[in-house]
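Step one of this worksheet: look at the structure below.
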């Protein structure tokens, strides 16, 4: 969290101050949304369609907060594959236990070697 804060410049108190987060109705500091879905970049950039993949689109809805110490589980499903344009689309969901944290879609294109 601290490394992401330094890289992004986002020092919002909701992410770094437990007392402040609790005063706003949260259980504690909220994990940065971008950090929550950063693992999706790994999925799209390295596996779908492969290590020559380039993300072309993202649509993300943050449904509930992810808290420090909660394990994020990622589920993805391919929704479209185009051989002619070398693109893939997928929908994803991010869970912490039964709690839906985020959902959305992503697109990726295979770059020429």
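In our numbering, the protein residues as written are 1 to 113. We treat Cβ as the ideally placed atom computed from N, Cα and C, and that holds for glycine.
With fewer than 16 other beta carbons inside 10 angstroms of its own, residue 23 counts as exposed.
Put simply, the backbone Cα of residue 51 is about 9 Å away from that of residue 42. Here residue 63 has 100, 101, 102 and 103 as same chain residues with Cβ atoms under 7 Å from its own Cβ, once five neighbours each way along the sequence are excluded. In this structure, the beta-carbon distance from residue 48 to residue 90 falls below 8 Å. Relative to the Cα of residue 86, the nearest Cα in the group 79, 93, 77 and 108 belongs to 108.
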